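Protein chains: 2
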Amino acid sequence: MSAKQERLILVANDDGIFSKGIRALVEVAERFGRVIVVAPDRQQSAVGHSITISEPLRTQKFEMKEGVTAISVNGTPADCVKLATDQLLKEKPDLVLSGINHGSNAGINIIYSGTVSAATEGTILGYPSIAVSCMDFAEDADLSGAQEAAARAVQFVFDNGLPKGITLNVNAPAGPFKRMRWARQGDSRYTDEYVARVDPVNRPYYWMFGRLEVLDEADDVDINVLKSGYASITPIQYDLTAYKVFEAMSGMDV
Amino acid sequence: MSAKQERLILVANDDGIFSKGIRALVEVAERFGRVIVVAPDRQQSAVGHSITISEPLRTQKFEMKEGVTAISVNGTPADCVKLATDQLLKEKPDLVLSGINHGSNAGINIIYSGTVSAATEGTILGYPSIAVSCMDFAEDADLSGAQEAAARAVQFVFDNGLPKGITLNVNAPAGPFKRMRWARQGDSRYTDEYVARVDPVNRPYYWMFGRLEVLDEADDVDINVLKSGYASITPIQYDLTAYKVFEAMSGMDV
Numbered sequence: 394m395s396a397k398q399e400r401l402i403l404v405a406n407d408d409g410i411f412s413k414g415i416r417a418l419v420e421v422a423e424r425f426g427r428v429i430v431v432a433p434d435r436q437q438s439a440v441g442h443s444i445t446i447s448e449p450l451r452t453q454k455f456e457m458k459e460g461v462t463a464i465s466v467n468g469t470p471a472d473c474v475k476l477a478t479d480q481l482l483k484e485k486p487d488l489v490l491s492g493i494n495h496g497s498n499a500g501i502n503i504i505y506s507g508t509v510s511a512a513t514e515g516t517i518l519g520y521p522s523i524a525v526s527c528m529d530f531a532e533d534a535d536l537s538g539a540q541e542a543a544a545r546a547v548q549f550v551f552d553n554g555l556p557k558g559i560t561l562n563v564n565a566p567a568g569p570f571k572r573m574r575w576a577r578q579g580d581s582r583y584t585d586e587y588v589a590r591v592d593p594v595n596r597p598y599y600w601m602f603g604r605l606e607v608l609d610e611a612d613d614v615d616i617n618v619l620k621s622g623y624a625s626i627t628p629i630q631y632d633l634t635a636y637k638v639f640e641a642m643s644g645m646d647v
Numbered sequence: 394m395s396a397k398q399e400r401l402i403l404v405a406n407d408d409g410i411f412s413k414g415i416r417a418l419v420e421v422a423e424r425f426g427r428v429i430v431v432a433p434d435r436q437q438s439a440v441g442h443s444i445t446i447s448e449p450l451r452t453q454k455f456e457m458k459e460g461v462t463a464i465s466v467n468g469t470p471a472d473c474v475k476l477a478t479d480q481l482l483k484e485k486p487d488l489v490l491s492g493i494n495h496g497s498n499a500g501i502n503i504i505y506s507g508t509v510s511a512a513t514e515g516t517i518l519g520y521p522s523i524a525v526s527c528m529d530f531a532e533d534a535d536l537s538g539a540q541e542a543a544a545r546a547v548q549f550v551f552d553n554g555l556p557k558g559i560t561l562n563v564n565a566p567a568g569p570f571k572r573m574r575w576a577r578q579g580d581s582r583y584t585d586e587y588v589a590r591v592d593p594v595n596r597p598y599y600w601m602f603g604r605l606e607v608l609d610e611a612d613d614v615d616i617n618v619l620k621s622g623y624a625s626i627t628p629i630q631y632d633l634t635a636y637k638v639f640e641a642m643s644g645m646d647v
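Which chain is which? The protein sequence lines are A and B, in order.
Quick note: the first sequence uses this note's numbering, first residue 394, plus one each step.
Quick note: the second sequence uses this note's numbering, first residue 394, plus one each step.
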């Protein structure tokens, strides 16, 4: 068998198994190996690294296209990767791909992203993992550039491997991009976060609708790389220890 | 007014506003300032950094104890901190406290923790923030040690401040502890994650029930510090960029 025939690629996402983005990522994955899809049965955006522990998970299998089995899960993106590798797959995947997300996952959005969490979960479990997002929220977004960026990131990982504990987070503008650039996570936050209204029986409710405020003007951070028309690629880690601060504080009494 | 009277402390958690742990943390917070509680209306463990964007949030206000207003939210821990600071509080808090969680949030559990996410959200929004957890899952856990650890961490923050972007993650054993120790996030992961069963009408389901495998034997990581009878305190950050890898890869073609 060729390397391509031997490889198994697990594809997940957070927009749900029926999104356009996951089909676009499956097309990319098929160039590199056999593909199986395990993804949420519905939209799961902004779930962060949520996992389901108080309820049972159910699955449904179907043929997404010729040669590609898909299994939907009534859970989160991280659940999908956990359940796939622990129970659903007969062999271990050589790569976990998550996306293509409709909407970028750059700056602080990395923290809230279900797309990134599926890839991070793959990394935690020991598999090379990549998250891919496109800067366009539209359901019919032009994902051609994001597909190209995904393919380049996958080739990079198969050529070079990934250090332990590292996930690649890839973002692309809608449509074509200039080239790929390595980027840092840009500092940013949401402001004016909620719209406060009253419902038809006059009870108040709050609905999230924040504006992203970019605090980081450096041109090598993901948000600014994207704005300049490049695709960004960022190595991220799940060890959250702030090592410099840890070393500085270690001598202090508490 | 004294510093204590001037300070406002926001208390949140992920076990829900009626848990024993949040009342224990309110007792600690009252020693340092005025206290307001904004927390989920139900158990929200393992939600990670989930936020609610597709549904409206509702609130209910009640008096938790004399002088302490509590507002429950039908959302996640991170929602509570966002909504509190954007809409519910009349003034900005001087500190965000999250916990006391019933169950430790050390090692990989930091990634899945709603308790930690509430504190991280506080940090993102620019407030000094601390998460506090106790190594005992029991509803009637002895939280006296965790209260002591929380008080020490709060005093540390009011004495020294916290660098931008840094959250303190505090864990304590049940009952008394030897002393507090600075610790790193320990590398760990869950194995044998799911129990597969069939329901009364013979359909399969999967239920998460993993064993935590500790991959890190160093005595300065949070999990091992706790096992040795100390309380752990770990500075964590929401910038997930793997800087060393970023620098190493920046010269590589992709």
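Glycine included, each C-beta is placed from N, C-alpha and C at the ideal position.
Please read these numbers as outputs of a predicted model, since none were measured by experiment.
Since residue i and residue j are thought to touch, with beta carbons under 8 Å apart, how far apart are those beta carbons, to the nearest angstrom?
i: Tyr-520 (chain A); j: Leu-450 (chain B); result: Actually they are not in contact, since the Cβ atoms of Tyr-520 (chain A) and Leu-450 (chain B) sit about 36 Å apart, beyond 8 Å.
i: His-442 (chain B); j: Ile-504 (chain A); result: 5 Å
i: Ala-417 (chain B); j: Leu-536 (chain B); result: 4 Å
i: Gly-579 (chain B); j: Ala-511 (chain B); result: Contact doesn't hold; Cβ gap of about 22 Å is too wide.
i: Thr-469 (chain B); j: Thr-445 (chain B); result: 6 Å
i: Pro-486 (chain B); j: Leu-403 (chain B); result: 4 Å
i: Ser-526 (chain B); j: Asn-494 (chain B); result: 4 Å
For the beta strand (DSSP E) that contains residue i, what are its first and last residues?
i: Ala-405 (chain B); result: 401-405
i: Glu-456 (chain A); result: 452-458
i: Ile-523 (chain B); result: 522-527
i: Arg-574 (chain A); result: 573-575
i: Arg-596 (chain A); result: It is not in any beta strand (DSSP E) - Arg-596 (chain A) carries neither H nor E in the DSSP assignment.
i: Ser-581 (chain A); result: 581-584
Which residues bound the alpha helix (DSSP H) around residue i?
i: Tyr-505 (chain B); result: 502-505
i: Ser-537 (chain A); result: 537-553
i: Val-430 (chain B); result: Where Val-430 (chain B) is concerned, there is no enclosing alpha helix (DSSP H), although the beta strand (DSSP E) it sits in stretches over 427-433.
i: Ala-417 (chain B); result: 413-423
i: Asn-564 (chain B); result: Unbroken run through Asn-564 (chain B) is the beta strand (DSSP E), 559-565; no alpha helix (DSSP H).
i: Leu-619 (chain A); result: 615-620
Helix or strand or just coil, what does DSSP make of residue i?
i: Gln-390 (chain A); result: Since the first residue shown for chain A is 394 and the last is 647, residue 390 (chain A) is missing from the structure and cannot be characterised.
i: Glu-640 (chain B); result: helix
i: Arg-446 (chain B); result: Note that residue 446 (chain B) is Ile in the sequence shown, not Arg. Residue state, collapsed to three classes: coil.
i: Ala-589 (chain B); result: strand
i: Leu-605 (chain A); result: strand
i: Ile-464 (chain B); result: strand
i: Ala-511 (chain B); result: helix
i: Ala-624 (chain B); result: strand
i: Gln-436 (chain A); result: coil
i: Gln-398 (chain B); result: helix
i: Ile-517 (chain A); result: helix
Cβ of residue i less than 8 Å from any chain A Cβ?
i: His-442 (chain B); result: yes
i: Thr-634 (chain B); result: yes
i: Tyr-599 (chain B); result: yes
i: Leu-450 (chain B); result: yes
i: Thr-508 (chain B); result: no
i: Glu-606 (chain B); result: no
i: Asp-479 (chain B); result: yes
i: Arg-435 (chain B); result: no
i: Gln-578 (chain B); result: yes
i: Pro-556 (chain B); result: yes
i: Glu-454 (chain B); result: With the sequence shown as reference, residue 454 (chain B) is identified as Lys, and Glu is not the correct amino acid for it. So, not an interface residue.
i: Gln-398 (chain B); result: no
i: Glu-610 (chain B); result: no
i: Pro-566 (chain B); result: no
Is there a C-beta anywhere in chain B that falls below 8 Å from the one on residue i?
i: Ser-643 (chain A); result: yes
i: Met-573 (chain A); result: yes
i: Lys-620 (chain A); result: no
i: Tyr-520 (chain A); result: no
i: Phe-425 (chain A); result: no
i: Val-589 (chain A); result: Inspection of the sequence shows that residue 589 (chain A) is occupied by Ala rather than by Val. Judged by the 8 Å Cβ criterion, Ala-589 (chain A) is in contact with chain B.
i: Ile-616 (chain A); result: no
Counting only Cβ pairs nearer than 9 Å, list the residues of chain D close to residue i.
i: Tyr-623 (chain B); result: Among the protein chains in the structure shown, which are A and B, there is no chain D.
Could you name each continuous beta strand (DSSP E) segment of 3 residues or more that falls completely within the segment 466-509 of chain A, going from the start of the chain to the end? Along the length of the segment 466-509 of chain A, whole beta strand (DSSP E) runs at least 3 residues long occupy 488-495, reported in chain order.
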